[in-house]
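Chemist: Quick mapping for you: the protein sequence lines, in order, are chains X and R.
Once you know that position 102 of the first sequence is 115 in the numbering used here, the rest is easy, because the numbers rise by one and skip nothing.
Once you know that position 195 of the second sequence is 406 in the numbering used here, the rest is easy, because the numbers rise by one and skip nothing.
Got a structure here, written out as structure tokens. Questions coming.
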Amino acid sequence: MSKSDHAAIGAVLSGDKNAYADLVRAHGRSVFRVAWRITGNEADAEDVTQETFLRGYRRLESFQSRSNFGTWIYRIAVRCALDKLHIRHPEQERQALEDSNGEPAFVQIADHAPGPEQLVLSREIAAFRETAMASLTPLERAAFTLRHMEGCSTEEIAAALDVAPEAAKQAVYRAVHKLRNRLALLRVRT
Amino acid sequence: MNHLSHGELIDHVYGEGASDAAEHLEACVGCAEAQRALEDDLAEISSPEAPEPDSAYEERLWHALSPQLIPYPRTRQIWLRPAFWLSLGTAVACAALIVTAFYAGRGWEHRYRPHTATSTAPAPAQTKIMVVLLSDQLERSERLLVQLKHANADDTEMLAPMRDEAQSLLAANRKCREEAEKTDDPDLTKALDRLEPLLTELANQPGGLNAASILRLQDEMNAKGLLFEVRVLRSRLPDRQHPKGGVA
């Protein structure tokens, strides 16, 4: 952890709440980025970023000074983003949890995303990505984002999502399987 | 040959595959093909570029956050806290107690150690002098008692020196007895007590020693076992108290 982070945390815990502004300025953008990648939209990412720093402030006393504040707030951001997705897709997550016992099960969900024709017409990768990601449960989406886009290990994903490593791994497997199915369908239609 | 599962292929792509997965991929054309297809698909799902917030984003974020943050209790300077003074006072009191106890202990030792030493064990020089005196006293007493044992009542020339020696021993005997009492030696005190009446009679026999008084004193000496007692006492003294060629 940088000296400035350490000093700011010490000042906040000593009663100077304005010192927290230094931490917000130093880590605000990285928190926003991971929040955006998991939630997929800017408005939710801003909400998540604000909630992340709010939670971080309230839990600051439990922060171990030998840890890295950036890593610590990153994990909180992932949890906040996941919570946001749970609110957005509660039924999707419940179904995924019911299917998560035993061998990896691949969730069949209703496709509320735009049809393949529209995707073909637009030919925008961003549109495809959004559609494909929308088919994932919050846990799968978060796990895949951390694995594929943030380069986290299974252990790091498990810690950030507060699940067992095997559960984190299975979430990634399911996400990849769903995304590949979407991709195959897109190729056939085009 | 067991082919790699979808999960094993995914683990391998992300660098967490089992060590034998790579060997299998080199040997198995089917799995290698599946691996390449997976990599191609994942490459298409590229990391989206997050929109870059404007330059005032952090300030807006802070202004949104700030009203919701309740300041942590302000920590006062340590010397302004009552707990600090309470702890300091306790520490000082403990230290004072320890120092007082230490010096009180030292004072007590200085005050009582010399008395104890004097009463329980005489100084080495004093002890040595006492031993020499006692040794001399017992040696002379033994010699006198031997003379008395073998005294011939008709030999008047022998009686006078015995009386003189008894007179001399009587004073020394009392001195030794006093010292024996101080050193808390009951056996020695008792023996010297029993010896004193005999020396007194030898020294102060009214009308001088005669055959009858010699016989009576010999009986008294034998009855009390005085000679044996004096020899036992002498044997308890250090070796120097046993001169070679001692009295038989």
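Virtual Cβ for every residue (Gly too), placed ideally from N, Cα, C.
All of these numbers come straight from a predicted model, not from anything done at the bench.
Hey, is Tyr87 of chain X's beta-carbon within less than 7 Å of any beta-carbon in chain R?
Modeler: no
Chemist: CB Ala177 of chain X to CB Ala156 of chain X, shorter than 7 Å?
Modeler: Cβ atoms of Ala177 of chain X and Ala156 of chain X: not closer than 7 Å.
Chemist: Would you kindly check if the distance between the Cβ of Thr400 of chain R and the Cβ of Ala414 of chain R is under 7 Å?
Modeler: no
Chemist: Have a look at Leu426 of chain R and Leu381 of chain R and give me their C-alpha separation to the nearest angstrom.
Modeler: 20 Å
Chemist: For Asn213 of chain R, which of helix, strand or coil comes out of DSSP?
Modeler: In the structure shown, Asn213 of chain R adopts coil according to DSSP, grouped into three states.
Chemist: Say whether chain R places a C-beta atom closer than 7 Å to the C-beta of Glu111 of chain X.
Modeler: The predicted model places Glu111 of chain X with a pLDDT of 47, which falls under 50 and marks its position as unreliable; any figure quoted below should be read in that light. Contacts with chain R at 7 Å (Cβ-Cβ) do not include Glu111 of chain X.
Chemist: With 7 Å as the C-beta to C-beta threshold (strictly closer), list the residues of the stretch 268-282 of chain R near chain X in chain order.
Modeler: Tyr268, Glu269, Leu272, Trp273, Ala275, Leu276, Gln279, Leu280, Pro282
Chemist: Is the stretch 256-273 of chain R touching the stretch 15-26 of chain X in the sense that three or more CB pairs, one from each, lie closer than 8 Å?
Modeler: no
Chemist: Which residue comes first and which comes last in the alpha helix (DSSP H) that contains Val441 of chain R?
Modeler: 437-447
Chemist: For Leu448 of chain R, which residues from the same chain have a beta carbon less than 6 Å from its beta carbon, with the 5 sequence-adjacent residues on both sides left out?
Modeler: Ser346
Chemist: Alpha carbon to alpha carbon, how far is Leu370 of chain R from Glu320 of chain R?
Modeler: 57 Å
Chemist: Under 7 Å between beta-carbons, which chain X residues line up against His214 of chain R? List them in chain order, please.
Modeler: Within chain X, no residue comes near His214 of chain R; the closest Cβ sits about 16 Å away, beyond 7 Å.
Chemist: For my contact list, Val91 of chain X and Thr62 of chain X are in at a C-beta cut-off of 8 Å; report their separation, rounded to the angstrom.
Modeler: 12 Å between Cβ atoms; not a contact.
Chemist: With 9 Å as the C-beta to C-beta threshold (strictly closer), list the residues of the stretch 53-83 of chain X near chain R in chain order.
Modeler: Gly53, Glu55, Ala58, Glu59, Thr62, Gln63, Phe66, Leu67, Tyr70, Arg71, Leu73, Glu74
Chemist: So, Val37 of chain X versus Phe66 of chain X, is the Cβ gap smaller than 7 Å?
Modeler: Cβ atoms of Val37 of chain X and Phe66 of chain X: closer than 7 Å.
Chemist: Give the DSSP-derived three-state secondary structure of Ala267 of chain R in the structure shown.
Modeler: coil
Chemist: Can you round the beta-carbon distance between Leu406 of chain R and Leu437 of chain R to whole angstroms, since I take them to be within the 8 Å contact cut?
Modeler: 6 Å
Chemist: What is the DSSP secondary structure of Ile22 of chain X, counted as helix, strand or coil?
Modeler: Residue state, collapsed to three classes: helix.
Chemist: Between Asp78 of chain X and His19 of chain X, how many whole angstroms is the CB-CB distance? I'm expecting something under 8 Å.
Modeler: One detail in the question is off: residue 78 of chain X reads as Ser in this sequence, not Asp. Indeed, because the Cβ distance is near 7 Å, the residues count as touching under 8 Å.
Chemist: Kindly indicate which three-state DSSP category Phe45 of chain X falls into: helix, strand or coil?
Modeler: In the structure shown, the three-state DSSP call for Phe45 of chain X is helix.
Chemist: Could you tell me how far apart the beta carbons of Ala229 of chain R and Leu236 of chain R are, in whole angstroms, since I believe they sit closer than 8 Å?
Modeler: Not really, about 11 Å apart at Cβ, beyond 8 Å.
Chemist: How would you write the range of the alpha helix (DSSP H) that Asp366 of chain R sits in, first residue to last?
Modeler: Asp366 of chain R -> no alpha helix (DSSP H), and no H or E assigned at all.
Chemist: Could you give the C-beta distance for Lys97 of chain X and Thr52 of chain X, rounded to a whole number, given that I count them as a contact under 8 Å?
Modeler: Correct: roughly 6 Å between the Cβ atoms.
Chemist: In or out: Val240 of chain R buried (at least 16 other Cβ within 10 Å) or exposed?
Modeler: Burial call: exposed.
Chemist: On a Cα-Cα basis, can you pick out the residue from R:Gly226, R:Asp222, R:Arg442, R:Ala233 that is closest to Glu350 of chain R?
Modeler: Per the C-alpha coordinates, the member of R:Gly226, R:Asp222, R:Arg442, R:Ala233 positioned closest to Glu350 of chain R is R:Arg442.
Chemist: To the nearest angstrom, report how far apart Ser27 of chain X and Ala173 of chain X are at their CA atoms.
Modeler: 28 Å
Chemist: Under the three-state reduction of DSSP, which class applies to Glu244 of chain R: helix, strand or coil?
Modeler: helix
Chemist: Does Val176 of chain X come out as helix, strand or coil in the three-state DSSP assignment?
Modeler: coil
Chemist: Looking at the structure shown, is Glu350 of chain R part of a helix, part of a strand, or coil, going by DSSP?
Modeler: helix
Chemist: May I ask which residues mark the beginning and end of the alpha helix (DSSP H) holding Ser79 of chain X?
Modeler: It is Arg, not Ser, that sits at residue 79 of chain X in the sequence shown. Arg79 of chain X -> no alpha helix (DSSP H), and no H or E assigned at all.
Chemist: Would DSSP call Cys305 of chain R helix, strand or coil?
Modeler: helix
Chemist: Of all the options R:Leu272, R:Lys339, R:Arg247, which has the alpha carbon lying nearest to the alpha carbon of Glu59 of chain X?
Modeler: R:Leu272
Chemist: Hey, is Val91 of chain X's beta-carbon within less than 7 Å of any beta-carbon in chain R?
Modeler: no
Chemist: Just to make sure I have the definition right: I need the residues of chain X whose C-beta is within less than 8 Å of the C-beta of Gly261 of chain R. Which are they?
Modeler: At residue 261 of chain R the sequence reads Ala, which differs from the Gly that was named. Within chain X, the residues near Ala261 of chain R are Phe45, Arg46, Trp49, Arg50, Ala58.
Chemist: Is there a Cβ from chain R that is less than 7 Å from the Cβ of Lys191 of chain X?
Modeler: no
Chemist: Look at the alpha carbon of Gln416 of chain R and the alpha carbon of Arg322 of chain R, and state the distance between them as a whole number of angstroms.
Modeler: 51 Å
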